[in-house]
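Trainee: Below is a structure I'd like to ask you about.
Number of protein chains: 2
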Amino acid sequence: MENHAQPVSQVIANQIEQMVLDGALKPAQKIPSERQLSNRLGVSRTIVREALHALQGRGVIKTRHGQGSFVARIVPEPEDESPLMQLFFSHSRTLFDLYEVREQLEGQAAYLTAQRGTEEDFYRITQAFEAMERADPLANAELDHAFHKAIVEASHNAVLVHILASLKKLLLHSVHASVANLSHRPQVRQQIDKHHRQIYHAIINRQAQWAQKAAAAHVRHVCESIREIEKQERHIIREAITDTAAG
Amino acid sequence: MENHAQPVSQVIANQIEQMVLDGALKPAQKIPSERQLSNRLGVSRTIVREALHALQGRGVIKTRHGQGSFVARIVPEPEDESPLMQLFFSHSRTLFDLYEVREQLEGQAAYLTAQRGTEEDFYRITQAFEAMERADPLANAELDHAFHKAIVEASHNAVLVHILASLKKLLLHSVHASVANLSHRPQVRQQIDKHHRQIYHAIINRQAQWAQKAAAAHVRHVCESIREIEKQERHIIREAITDTAAG
DNA sequence: TCCCGAAAACTGGTAGGACCAGTGATCGAT
DNA sequence: ATCGATCACTGGTCCTACCAGTTTTCGGGA
Chain A
623 MENHAQPVSQ VIANQIEQMV LDGALKPAQK IPSERQLSNR LGVSRTIVRE ALHALQGRGV
683 IKTRHGQGSF VARIVPEPED ESPLMQLFFS HSRTLFDLYE VREQLEGQAA YLTAQRGTEE
743 DFYRITQAFE AMERADPLAN AELDHAFHKA IVEASHNAVL VHILASLKKL LLHSVHASVA
803 NLSHRPQVRQ QIDKHHRQIY HAIINRQAQW AQKAAAAHVR HVCESIREIE KQERHIIREA
863 ITDTAAG
Chain B
623 MENHAQPVSQ VIANQIEQMV LDGALKPAQK IPSERQLSNR LGVSRTIVRE ALHALQGRGV
683 IKTRHGQGSF VARIVPEPED ESPLMQLFFS HSRTLFDLYE VREQLEGQAA YLTAQRGTEE
743 DFYRITQAFE AMERADPLAN AELDHAFHKA IVEASHNAVL VHILASLKKL LLHSVHASVA
803 NLSHRPQVRQ QIDKHHRQIY HAIINRQAQW AQKAAAAHVR HVCESIREIE KQERHIIREA
863 ITDTAAG
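Chains as they are written, first to last, in my numbering: chain A, 623 to 869; chain B, 623 to 869.
Below, the structure is given as structure tokens:
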């Protein structure tokens, strides 16, 4: 006995929206193509498209021609090289502000994960962690991201997941934060690895307080390292200029 | 030379929404049928339907099978905040996730303010605090708002200010009723006032850790009070229903 | 004449096929 | 190994047909 009280397209839209709210669909994640959904759900592509348009109207998803549909970000799309972004990051001050906020939220994510993470969550985190440990030498930034992402997503707080995803995207867009630079400095890299191990073990041992502190300390350390590097660069530039002036 | 930068369905949706905002289409007014629009606009009915679904998602129109589509929204609504954020606020399940994040951020704001607040900042905070204390009886939500705002802005972290401003703005719109209710419960109100005093004194004495804990505890308390009220309301409703059934 | 009920003429909802238009990966030639 | 064309994806648009509600119409019976 199918209740045709509301159209199928609305049912589908609500279902998908619920999945986003529950965190089953992560921010910026690609959702199946219209034709795939059409097949799996046993409805026409027309209906799927109408559902997706409704979600688009609600701001839940973002559709790009030729690419697919993606879960929307909680902060409005940065718009490539928008003047706002330029302004935002022209002052490295706001970059550090971002890091300050991130420090707090990463800490909380670690705390919550240590508290409520399931065995499945821990399995995923362990995999990410071990992959990172194995590939240590070149220190792929991807793996670093994956590790933190696994932790955040295990916090079971959809809002936290969305906000941190947005923050990270903002940080990536910033020209300053070339994390690549960090990895090339041995002592910094070593400290980062140590932090990662601390965070990991605190979480799987469900030591929430510890996990929080370790995660916060980690972000703070990264931020301060960047600050340090910037200072050094400024110094080098100044020296170069004075050299030129002297010569 | 039509730029196909954005899909036709979106163009149509925006056009119709604009007409509603301009007042060309009045609330509850019936808009032309899909087939009529299809003919007049020179596009397929499919496209018209997709546009209408988008508008439906935005809450601009309401469609009834066999009757047509009607303008729904009376309030133009600026829509300046992240739509996804609004969604998180509208579902009570994720509302608590939101509070969890806010707890952390308010805590950090208090911490930073206690640490780096200037005398001017403290003056503003003091004014807000004393105004709130004086006007205690009716417990105006505005003053509460102003007090927290003063603290956050004194944190000297632009990102934090921005995020918390967005959160609070949405909070005012969503659980406005609940907040009003909170003030009317003596013991809750008393606890809130106590928290405010703790936060205030910790900040002006530059006890950052304390300020952080007090602010976080404050938000957590508010959140749990709302949770409690919701539970009570559910209980009342259930009783009413069983009463009806019994009668 | 008036009233009722069936039919017709609307309304939106669903289906499936065909094709266009971007995007990205694949693979072949250089 | 590099570059470029091709191909297999993605969403965007159109069409045609049909189903399912709602309203109007209109004809036959009282």
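By construction, the Cβ of each residue, glycine as well, lies at the ideal position given by its N, Cα and C atoms.
Just so it is clear, the structure is predicted and the values come from calculations on it, not from any experiment.
Roughly how many whole angstroms lie between the Cα atoms of residue 628(B) and residue 636(A)?
Mentor: One C-alpha to the other measures close to 25 Å.
Trainee: Contact criterion: CB-CB distance below 8 Å. Does residue 774(B) meet it with respect to chain A?
Mentor: It does not; no Cβ of chain A falls within 8 Å.
Trainee: Taking the alpha carbon of residue 658(B) as the reference point, which residue from 749(B), 671(B), 834(B) and 829(B) has its own alpha carbon closest?
Mentor: If we check each option's Cα against that of residue 658(B), 671(B) comes out closest.
Trainee: Nearest CA to the CA of residue 730(A): which residue from 722(B), 693(B), 852(B) and 661(B)?
Mentor: Taking only the C-alpha atoms, the option nearest residue 730(A) is 722(B).
Trainee: Go ahead and label residue 770(A) buried or exposed: buried means 16 or more other beta carbons lie within 10 angstroms of its beta carbon, across all protein chains shown.
Mentor: Buried, because 16 or more other Cβ atoms sit within 10 Å of the Cβ of residue 770(A).
Trainee: For residue 665(B), which three-state DSSP category applies?
Mentor: Residue 665(B) falls in the coil class under three-state DSSP.
Trainee: Does the CB of residue 779(B) have a neighbour CB from chain A at under 8 Å?
Mentor: With 8 Å as the cut-off, residue 779(B) counts as an interface residue toward chain A.
Trainee: Taking residue 676(A) and residue 678(B) to be in contact with their CB atoms under 8 Å, please state how far apart those CB atoms are, rounded to whole angstroms.
Mentor: Correct: roughly 6 Å between the Cβ atoms.
Trainee: Distance check for residue 683(A) and residue 684(B), CA to CA, integer angstroms please.
Mentor: Their Cα atoms are separated by approximately 21 Å.
Trainee: Going by DSSP, what residues sit across from residue 684(A) in a beta bridge?
Mentor: Beta-bridge pairing links residue 684(A) to 692(A).
Trainee: Who are the near neighbours of residue 639(A) in its chain, counting only those whose CB is closer than 8 Å to its CB and skipping five residues on each side?
Mentor: Only 677, 680 and 682 meet the Cβ criterion.
Trainee: Quick check on residue 798(B): buried or exposed, where buried means 16 or more other Cβ atoms within 10 Å of its Cβ?
Mentor: In this predicted model, residue 798(B) has a pLDDT of only 48, less than 50, meaning its place in the structure is not dependable enough to derive any value.
Trainee: So that I know if they touch, is there some Cβ in chain B lying closer than 8 Å to that of residue 839(A)?
Mentor: No, because no Cβ of chain B sits closer than 8 Å to the Cβ of residue 839(A).
Trainee: I'd like the span of the alpha helix (DSSP H) that includes residue 771(A), first residue to last.
Mentor: Its alpha helix (DSSP H) spans residues 763–775.
Trainee: For residue 697(A), which residues in chain B fall below 7 Å Cβ to Cβ?
Mentor: What residue 697(A) touches in chain B: 704.
Trainee: Do you know whose CA, among 717(A), 687(A) and 697(A), lies nearest residue 563(A)'s CA?
Mentor: Outside the shown range of chain A, which is 623 to 869, sits residue 563(A), and nothing can be said about it.
Trainee: What span of residues does the alpha helix (DSSP H) with residue 827(A) cover, start to end?
Mentor: Where residue 827(A) is concerned, there is no enclosing alpha helix (DSSP H), given that its DSSP letter is neither H nor E.
Trainee: In the structure shown, what three-state DSSP assignment does residue 799(B) receive?
Mentor: Caution applies to residue 799(B), whose pLDDT of 48 falls short of 50 and renders its modelled position unreliable; the value that the coordinates give is listed next. Helix, per DSSP.
Trainee: Can you tell me whether DSSP reads residue 816(A) as helix, strand or coil?
Mentor: Of the three classes helix, strand and coil, the one that applies to residue 816(A) here is helix, per DSSP.
Trainee: By the DSSP assignment, the alpha helix (DSSP H) with residue 647(A) in it spans what residues?
Mentor: No alpha helix (DSSP H) contains residue 647(A), which DSSP labels as neither H nor E.
Trainee: Which residues, in order along the region 720–732 of chain B, keep a beta-carbon less than 8 Å from a beta-carbon of chain A?
Mentor: So the list reads 720, 722, 723, 726, 727, 729 and 730, given in the order they occur along the chain.
Trainee: Do residue 833(B) and residue 572(B) come within 8 Å of each other at the CB atom, strictly closer than that value?
Mentor: Here chain B comprises residues numbered 623 to 869, so residue 572(B) is not present and cannot be evaluated.
Trainee: Provide the residue span of the alpha helix (DSSP H) that contains residue 807(B), from first to last.
Mentor: It is not in any alpha helix (DSSP H) - residue 807(B) carries neither H nor E in the DSSP assignment.
Trainee: Which residues in chain B have a C-beta closer than 8 Å to the C-beta of residue 631(A)? List them in chain order.
Mentor: Per Cβ cutoff of 8 Å: 675.
Trainee: Return yes when the Cβ of residue 778(A) is within less than 8 Å of the Cβ of residue 727(A), no when it is not.
Mentor: No. Outside cutoff.
Trainee: Touching or not, the region 691–700 of chain A and the region 642–654 of chain A, by the rule of three or more beta carbon pairs under 8 Å?
Mentor: Output reads yes: the region 642–654 of chain A touches the region 691–700 of chain A.
Trainee: Got a sec: which bits of the region 660–673 of chain B sit with their beta carbon under 8 Å from any beta carbon on chain A, in order along the chain?
Mentor: Cβ contacts with chain A: 668, 671, 672 and 673.
Trainee: By how many angstroms is the C-alpha of residue 633(B) removed from the C-alpha of residue 754(A)?
Mentor: The alpha-carbon atoms of residue 754(A) and residue 633(B) are separated by roughly 46 Å.
Trainee: Excluding the five sequence neighbours on either side, which residues of its own chain have a C-beta within less than 7 Å of the C-beta of residue 665(A), listed in chain order?
Mentor: Counting only Cβ-Cβ distances below 7 Å, and skipping sequence neighbours, we find 630.
Trainee: Quick test of your reading: residue 720(A) and residue 792(A), contact by CB under 8 Å. State the CB separation rounded to the nearest angstrom.
Mentor: 6 Å between Cβ atoms; contact.
Trainee: For residue 710(B), would you say it is in contact with chain A, using Cβ-to-Cβ distances shorter than 8 Å as the test?
Mentor: Output row for residue 710(B): interface = yes.
Trainee: Residue 747(A) and residue 776(A) - do their beta-carbons sit closer together than 8 Å?
Mentor: It is a contact, given that the beta carbons lie within the stated cut-off.
Trainee: Under 7 Å Cβ-Cβ, which residues of chain B neighbour residue 682(A)?
Mentor: What residue 682(A) touches in chain B: 706 and 709.
Trainee: Mind pulling the chain A residues with CB within less than 7 Å of residue 647(B)?
Mentor: Under the 7 Å cutoff, chain A gives no residues; its nearest Cβ is about 17 Å from residue 647(B).
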